[in-house]
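What follows is one structure encoded as structure tokens, with my remarks underneath.
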Amino acid sequence: MQIGSAMEQLGRYGTGVGLALIHVGALAAFLPAFYSPSALTVAAIMAYLTGALGITLCYHRVLTHRSLRLRKPLEYLFALFGTLALQGDPIRWVAVHRKHHANADHEGDPHDIRMGFRWAHVDWLYRHNIAMPSQDEIERFAPDLYADPFYRALQYLGAPLQLVLAALLFFLGGWAWVVWGVFVRLVISYHSTWLVNSAAHMVGYRSFRTTDRSTNCWWVALLAFGEGWHNNHHAFPFSARHGLRWFEIDMTWWHVRVLAFLRLADNVRIPSAPMQRRLAYANVRSFGKTGADTV
Ligand SMILES: [Zn+2]
Ligand SMILES: [Zn+2]
Numbered sequence: 672m673q674i675g676s677a678m679e680q681l682g683r684y685g686t687g688v689g690l691a692l693i694h695v696g697a698l699a700a701f702l703p704a705f706y707s708p709s710a711l712t713v714a715a716i717m718a719y720l721t722g723a724l725g726i727t728l729c730y731h732r733v734l735t736h737r738s739l740r741l742r743k744p745l746e747y748l749f750a751l752f753g754t755l756a757l758q759g760d761p762i763r764w765v766a767v768h769r770k771h772h773a774n775a776d777h778e779g780d781p782h783d784i785r786m787g788f789r790w791a792h793v794d795w796l797y798r799h800n801i802a803m804p805s806q807d808e809i810e811r812f813a814p815d816l817y818a819d820p821f822y823r824a825l826q827y828l829g830a831p832l833q834l835v836l837a838a839l840l841f842f843l844g845g846w847a848w849v850v851w852g853v854f855v856r857l858v859i860s861y862h863s864t865w866l867v868n869s870a871a872h873m874v875g876y877r878s879f880r881t882t883d884r885s886t887n888c889w890w891v892a893l894l895a896f897g898e899g900w901h902n903n904h905h906a907f908p909f910s911a912r913h914g915l916r917w918f919e920i921d922m923t924w925w926h927v928r929v930l931a932f933l934r935l936a937d938n939v940r941i942p943s944a945p946m947q948r949r950l951a952y953a954n955v956r957s958f959g960k961t962g963a964d965t966v
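In terms of the numbering used here, the sequence shown opens at residue 672 and continues consecutively.
This is the structure we're talking about:
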């Protein structure tokens with residue numbers, strides 16, 4: 672066996688064992704000894720910081736699709752929150768996701784829904800996956816991030832930062848804060864993100880003609896801070912706003928509006944009404960107020 676493929680296999684096994692241990696650790700939440708209202712609050716705050724600001728806003732809408740620009744210190748802070756979601760460093764996450772968009776539901780998609788719900792949800796992460804980008808591909812898919820020393824440094828800091836956080840939570844609130852603030856929070860964040868790749872390519876409705884199976888799924892949107900409006904997203908990947916119709920609640924878009932108002936974000940991109948009409952299915956009429964390319 673070549674060294675490269677042995678390393679790849681080792682990495683996959685490590686991911687599989689790591690994910691299993693995190694899920695087992697979260698089971699401790701069922702023991703009353705590890706419960707306290709403050710632990711629940713810590714889990715909610717950490718889920719918000721790492722999931723909403725870290726993954727959804729920063730990793731996805733800012734870094735992957737450049738659908739808005741954050742002030743640099745804020746971008747770095749939110750990227751740090753994203754790293755604490757333990758879904759991989761920004762360079763790897765962005766490269767995998769850009770590859771998904773380049774090949775969505777076709778050969779080369781790292782989590783191709785044609786392989787089934789379980790594959791697209793989690794199995795693609797730790798089983799043999801020929802579509803998983805190689806190191807060369809990662810650098811090719813995310814050259815903008817790879818050029819930044821801050822993001823190159825984060826490649827090595829995922830596990831150490833999580834351990835520092837766990838130690839801090841233990842110091843402040845004991846094992847209950849670690850169980851809820853790390854293990855339970857990670858499991859909830861994982862499945863919320865993974866449902867975008869699985870359920871939002873499988874169940875729900877489609878507003879726009881795209882070459883993939885992406886769907887708009889309201890309950891994934893609620894769990895993943897607006898990311899469930901995934902058919903809208905595949906139709907307009909550059910858009911900072913994913914919920915386009917009046918009832919498509921998109922919490923991350925609210926964040927974008929507030930940050931733009933505070934002048935902490937600019938270059939906010941959304942699809943114009945004609946752009947939406949061009950891709951819309953005939954029976955979709957009600958659009959959100961998106962009359963300009965930028966706001
Ligand atoms: Zn997708
Ligand atoms: Zn995307």
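Heads up, the beta-carbon is just placed ideally off N, CA and C, and yes, glycines get one too.
For residue i, which residues from the same chain have a beta carbon less than 6 angstroms from its beta carbon, with the 5 sequence-adjacent residues on both sides left out?
i      : result
Met946 : none
Gly779 : Ala802
His772 : Pro908
Ala991 : Outside the shown range of the chain, which is 672 to 966, sits residue 991, and nothing can be said about it.
Alpha carbon to alpha carbon, what distance is there between residue j and residue i?
i      : j      : result
Leu893 : Ala677 : 40 angstroms
Pro814 : His736 : 13 angstroms
Leu745 : Ser738 : 15 angstroms
Asn938 : Val695 : 43 angstroms
Arg798 : Arg934 : 44 angstroms
Trp900 : Thr886 : 7 angstroms
Phe854 : Val891 : 21 angstroms
Pro942 : Leu728 : 18 angstroms
Thr923 : Leu816 : 22 angstroms
Met873 : Phe788 : 8 angstroms
Ser709 : Asp807 : 44 angstroms
Val733 : Leu741 : 7 angstroms
Arg977 : Leu702 : Because residue 977 is not part of the residues shown, which for the chain are 672 to 966, the question remains open.
Asp921 : Ala931 : 16 angstroms
Ala963 : Arg948 : The predicted model places Ala963 with a pLDDT of 38, which falls under 50 and marks its position as unreliable; any figure quoted below should be read in that light. Approximately 13 angstroms between the Cα atoms of the pair.
Lys770 : Ala936 : 26 angstroms
Ala723 : Ala837 : 20 angstroms
Tyr822 : Tyr730 : 11 angstroms
Determine the extent of the alpha helix (DSSP H) in which residue i is found, giving its start and end residues.
i      : result
His905 : His901 to Ala906
Met831 : The sequence shown places Pro at residue 831, rather than the Met named in the question. Start and end: Gly829 to Val849.
Gly753 : Lys743 to Thr754
Ile859 : Arg856 to Asn868
Thr950 : In the sequence as presented, Thr is not what sits at residue 950; that position holds Leu. First-last of the alpha helix (DSSP H) with Leu950: Ala944 to Leu950.
His792 : Element bounds for His792: n/a, residue is neither H nor E.
Thr735 : That residue, Thr735, is in no alpha helix (DSSP H); it is neither H nor E in DSSP.
Phe896 : Careful: Phe896 lies outside any alpha helix (DSSP H) and carries neither H nor E.
Met717 : Pro708 to Ala718
Glu778 : No alpha helix (DSSP H) holds Glu778; DSSP gives it neither H nor E.
Arg916 : Arg916 -> no alpha helix (DSSP H), and no H or E assigned at all.
Pro703 : Element bounds for Pro703: n/a, residue is neither H nor E.
Ala824 : Pro820 to Leu825
Tyr817 : Pro814 to Tyr817
Is the beta carbon of residue i less than 9 angstroms from the beta carbon of residue j?
i      : j      : result
Phe812 : Ala775 : no
Leu950 : Phe918 : no
Gly685 : Gly759 : no
Ser707 : Ala847 : yes
Leu888 : Gly875 : Residue 888 is actually Cys in this sequence, not Leu. Yes, these two residues count as a Cβ contact at 9 angstroms.
Leu690 : Thr721 : no
His862 : Thr881 : no
Ile726 : Ser860 : yes
Ala944 : Asn902 : no
Tyr792 : Asn868 : Before going on, a small fix: residue 792 reads as His here, not Tyr. Their beta carbons are under 9 angstroms apart, which means His792 touches Asn868 by this criterion.
Val858 : Ala699 : no
Arg884 : Ile784 : yes
Arg912 : Asn800 : no
Gly852 : Leu840 : yes
Taking CB distances under 9 angstroms as the criterion, tell me whether residue i reaches chain D.
i      : result
Met873 : The chain labelled as chain D is not found in the depicted structure, where only one protein chain is given.
In its own chain, which residues sit with a C-beta less than 7 angstroms from the C-beta of residue i, not counting the 5 before and 5 after it?
i      : result
Gln826 : Asp760 and Ile762
Leu757 : Gly829, Gln833 and Leu857
Is residue i near ligand 3, with its Cβ less than 8 angstroms from a heavy atom?
i      : result
Thr735 : Among the ligands modelled here, namely ligand 1 and ligand 2, ligand 3 does not occur.
Under 6 angstroms from any heavy atom of ligand 1, by CB: list those residues in chain order, please. His771, Ala775, His872, Ser885, His901 and His905
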